[in-house]
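J.: Okay, here's the structure, questions in a sec.
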Amino acid sequence: MRQTKKALPFVPSEFHASTNEDSKGVIGILSIHTTEGLLDIALDAARTGTQGPTAGSAVP
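316 is the number of the first residue of the sequence shown in the working numbering; add one for each residue after it.
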């Protein structure tokens with residue numbers, strides 16, 4: 316069976332990273348603007364058992 320339609324590319328155009336603090340601690344928010352719209356991802360280092368980057372540190 317030949318594929319006749321191709322999916323449009325999902326192209327990220329802009330990235331923003333921020334943090335937000337609540338009663339349970341600090342979480343990171345990664346916002347990605349794409350051709351399909353806005354995608355927000357919450358990053359919680361406490362639940363994964365890893366230490367996230369600190370303010371002012373460079374992320375490779």
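For every residue, glycine included, the Cβ atom is placed at its ideal position computed from N, Cα and C.
Kindly provide the ranges of any beta strand (DSSP E) runs that are 3 or more residues long and lie completely inside the stretch 317-354, ordered along the chain.
T.: 327-337 and 340-349
J.: Roughly how many whole angstroms lie between the Cα atoms of Asn335 and Gly352?
T.: Counted from its first residue, the sequence shown places residue 335 at position 20. Counted from its first residue, the sequence shown places residue 352 at position 37. Cα-Cα distance, rounded: 22 angstroms.
J.: Looking only at its chain, what residues have a beta carbon closer than 6 angstroms to the beta carbon of Asp359, apart from the 5 residues adjacent to it on each side?
T.: Reading the sequence shown from its first residue, position 44 is the one you call residue 359. Same-chain partners within the cutoff: Ile342.
J.: Measure the CB-CB distance between Thr349 and Ser328 and report whether it falls below 8 angstroms.
T.: Position 34 of the sequence shown, counting from 1, holds the residue named residue 349. Position 13 of the sequence shown, counting from 1, holds the residue named residue 328. Result yes, Cβ atoms of Thr349 and Ser328 sit closer than 8 angstroms.
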